[in-house]
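Chains as they are written, first to last, in my numbering: chain A, 58 to 364; chain B, 236 to 608.
What follows is a single structure, written as structure tokens, with notes after it.
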């Protein structure tokens, strides 16, 4: 092994990587640093502070951490992630993948097609569909359940959003788990069946140890996506009275509707920090697995992509 | 005892993997299901295990009808071709897994796993993971897992085919001794006729979802009931030559051969198939009565012997000149030192008491009188 396997030399290698590094610097690193800076100012969308923002130090961060509205939004985001991503999408996706695992032919294709459809439609379209479904006057659900006048989005805004996002995002988990289940050799499940293992014991002893890497990858991705998801704004706009104001919606309202860009930037940075924590915990978990002799390679590759 | 009655398995799409099959496997017997790929032998084994549900027919184990019993309650253990060891469990946990499912207390199941492992020379490897074991060790762990729960029957699916050639012979001897010591009814599937003959007490030769012949290895080797079995059994394929009854004798590939007594009822001109194993064909450099005249086309070294392929005329006449194809071929196994030269004209004399005559694919000749040999 030489230290220069490509034979480009240090300069040649740098010249090849430079354009990508410049793009990353301009479009990812600089905005992130700029956000931190903005978070330290009283910059506003309009008015005097827009023309001449003053540095106010960590006041925005401290205010946000002490603000009940911010803490309430954080709690709603946690509900949204746990309810719709971890419980809803991951569990439902696994259940569908498990049920159709040894089916071939039309039934499987129809199920997968329907689930996938909800995933590939644009957010604005599905938001409109769900408003039409849940509307108090003339909503489809009220017509189906014969409950005229039930205001789902007003009485149960978070529950509606959790159900909505479960419906919308299950396809990804289903596809990922379906691929993972393909990697479980049938003879392993049959050995467990011959030993008398119940379906639960087969899942616990044979399937889950084998697809642990896939489960971790999936949970990381859907948690991050759901945590940063802005579609709730298109359905409830954070209402009623902030009852469905998850963190991304909160940032939008504070920064762009109320015009407090400095405060918005500070909260954005806090969201970024939460995302980093997610990613670090996940990487730590995967590395703990890496010490095991028998880690499936795809899980490691997936980490790299996710990171 | 395992009994199968009228067993049929049809897969969606109308493929009939097993076709109205009847079979009795005795207690303690080492039984081989032998056949080419796609003959239904693995489906049959999986149906006995309960992993496949038969379309029609019944499966009984130990006199109890288990056709509707789930696999976990049939009290059988199966060893798969890929061994199916759980990669996240060490050897002890793998062996003890069926005991864990049966809620055997932890201390007892660890003791039983260790005891079984020691019997299969795995005592040093109890703490290892399957990924750290050689192929032969993995196979023994899979066997240990099957043995440790003391089932009524073992089912092996191609147990030796994932081992390399040398290891396979060792494992074969080991498996035969193990089965004899345990005396547990064992059914195994193989496509390797040598493996079936070496291991089994009885062999069922299968084709197209049906059993073509059931018998001891000696029976299916010496007295194959049909030309399919004759061509499938034997490390060198049997010579099967078309011939006809003529003038109170047989006319086969240019040679006049005696008509076996059992075939005396055949009318003049009746078509037969004449079979003789290459091991029972003697070569001589000079013309002999009752021998095929041929020319040496191929010589294959088998180590202690040579497999000689002769080209013989399909009809009466001299040995064909050169090596142009068209005629039939006869193969003979010649002990080392006795092989002819390539292209040489030789006469191949089948041992008549070993010859088999088929008419309409039914074997006519009776077993050779042992005293005559």
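Think of the CB as a built atom: it goes at the ideal place given N, C-alpha and C, for glycine as much as any other residue.
Quick caveat, the model's predicted, so the values are computed rather than measured.
Using a beta-carbon distance cut-off of less than 7 Å, what residues from the region 267-294 of chain B approach chain A?
Residues 284 and 286.
From the beta carbon of residue 388 of chain B, is the nearest beta carbon of chain A less than 9 Å away?
Not one chain A Cβ lies under 9 Å of residue 388 of chain B.
Between which residues of its own chain and residue 597 of chain B is the CB-CB distance below 7 Å, once the five residues before and five after are set aside?
Counting only Cβ-Cβ distances below 7 Å, and skipping sequence neighbours, we find nothing.
Through-space distance from residue 449 of chain B to residue 442 of chain B, alpha-carbon basis
Their backbone Cα atoms lie some 12 Å apart in a straight line.
Pick helix, strand or coil for residue 441 of chain B, following the three-state DSSP scheme.
In this structure, residue 441 of chain B counts as strand in the three-state DSSP scheme.
What did DSSP end up calling residue 600 of chain B once you bin it into helix, strand or coil?
Of the three classes helix, strand and coil, the one that applies to residue 600 of chain B here is coil, per DSSP.
Using 9 Å as the limit for Cβ to Cβ distance, is residue 431 of chain B near chain A?
By this cut-off, residue 431 of chain B is not an interface position.
Top-ranked residue by Cα proximity to residue 283 of chain A, from A/230, A/321 and A/173:
For the options A/230, A/321 and A/173, the alpha carbon positioned closest to that of residue 283 of chain A is the one of A/230.
Mapping the DSSP letters down to three states, classify residue 522 of chain B as helix, strand or coil.
Residue 522 of chain B: coil per DSSP, three-state reduction.
Under the rule that 16 or more other beta-carbon atoms within 10 Å means buried, what is residue 244 of chain B, buried or exposed?
Per the 10 Å Cβ criterion, buried.
For chain B, is any of its Cβ atoms less than 9 Å away from the one on residue 159 of chain A?
No, its Cβ sits nowhere closer than 9 Å to a Cβ of chain B.
May I ask which residues mark the beginning and end of the beta strand (DSSP E) holding residue 310 of chain B?
Premise fails: residue 310 of chain B is in no beta strand (DSSP E) and is neither H nor E.
Cutting at 8 Å between CB atoms, please list the residues of its own chain near residue 272 of chain B, excluding the five before and the five after it.
Within the same chain, and ignoring the five residues on either side of residue 272 of chain B in sequence, the residues whose Cβ sits closer than 8 Å to its Cβ are 426.
Beta-carbon spacing of residue 506 of chain B, residue 477 of chain B below 9 Å:
Cβ atoms of residue 506 of chain B and residue 477 of chain B: closer than 9 Å.
Please find out if some non-hydrogen atom of the ligand PLP comes closer than 8 Å to the beta-carbon of residue 509 of chain B.
Judged by which ligands are present, the structure shown has none, so any question about the ligand PLP falls away.
I'd like to know if residue 68 of chain A contacts chain B, where contact means its C-beta is closer than 9 Å to some C-beta of that chain.
Residue 68 of chain A does not count as touching chain B.
Can you pull the chain B residues whose beta carbon is under 7 Å from the beta carbon of residue 258 of chain A, in chain order?
By Cβ distance, chain B contributes 336.
Name the DSSP bridge partner or partners of residue 543 of chain B?
Paired residues: B/534 and B/567.
Nearest neighbour of residue 362 of chain B, chosen from B/371, B/327, B/332 and B/573 [CA to CA]:
When the alpha-carbon of residue 362 of chain B is set against those of B/371, B/327, B/332 and B/573, the nearest one is in B/327.
Would you check if there are 3 or more beta carbon pairs closer than 8 Å linking the region 566-573 of chain B to the region 537-545 of chain B?
Result yes; three or more Cβ-Cβ pairs closer than 8 Å.
Could you spell out the range, first to last residue, of the beta strand (DSSP E) harbouring residue 265 of chain B?
It spans 265-269 - the beta strand (DSSP E) in which residue 265 of chain B sits, taken as one unbroken run.
Under a CB-based cut-off of 9 Å, is residue 254 of chain A close to chain B?
Interface residue, yes.
Can you find a CB in chain A that lies within less than 9 Å of the CB of residue 200 of chain B?
Residue 200 of chain B lies beyond the stretch modelled for chain B, which goes from 236 to 608, so this question has no answer here.
Which ranges does the alpha helix (DSSP H) cover as unbroken runs of at least 4 residues, wholly within the region 147-224 of chain A, from first to last along the chain?
Within the region 147-224 of chain A, the complete alpha helix (DSSP H) runs of at least 4 residues are 149-156, 163-177, 180-191, 197-202 and 209-212.
Can you find at least 3 beta carbon pairs, one from the region 311-328 of chain B and one from the region 379-389 of chain B, that sit closer than 8 Å?
Result yes; three or more Cβ-Cβ pairs closer than 8 Å.
Answer with yes or no whether the minimum CB distance from residue 416 of chain B to chain A is below 9 Å.
No, residue 416 of chain B lies away from the interface with chain A (no Cβ there is under 9 Å from its Cβ).
List the endpoints of the continuous beta strand (DSSP E) containing residue 405 of chain B.
Per DSSP, residue 405 of chain B belongs to no beta strand (DSSP E); it is in the alpha helix (DSSP H), 400-417.
What in chain A is Cβ-close to residue 307 of chain B, meaning under 8 Å?
Simply 250, 251, 252, 253 and 254.
Residue 96 of chain A and residue 316 of chain A closer than 9 Å at C-beta:
Not a contact, by the Cβ cut-off of 9 Å.
At a CB-CB cut-off below 7 Å, which residues of chain A make contact with residue 502 of chain B?
Listed along the chain, the chain A residues whose CB falls inside 7 Å of the CB of residue 502 of chain B amount to none; the nearest CB is some 55 Å away.
Show which residues of chain B have a CB atom less than 8 Å away from the CB atom of residue 263 of chain A.
Result: 321.
How about residue 244 of chain A: is its C-beta nearer than 9 Å to some C-beta of chain B?
Yes, residue 244 of chain A lies at the interface with chain B (some Cβ there is under 9 Å from its Cβ).
My guess is that residue 383 of chain B and residue 446 of chain B are in contact by the Cβ rule of under 8 Å, so how many angstroms apart are they, rounded?
Actually they are not in contact, since the Cβ atoms of residue 383 of chain B and residue 446 of chain B sit about 32 Å apart, beyond 8 Å.
Cutting at 6 Å between CB atoms, please list the residues of its own chain near residue 307 of chain A, excluding the five before and the five after it.
Excluding positions up to five away in sequence, the list reads 130.
For residue 287 of chain A, does the count of other Cβ atoms within 10 angstroms reach 16, so buried, or fall short, so exposed?
Residue 287 of chain A is exposed by the Cβ-count criterion.
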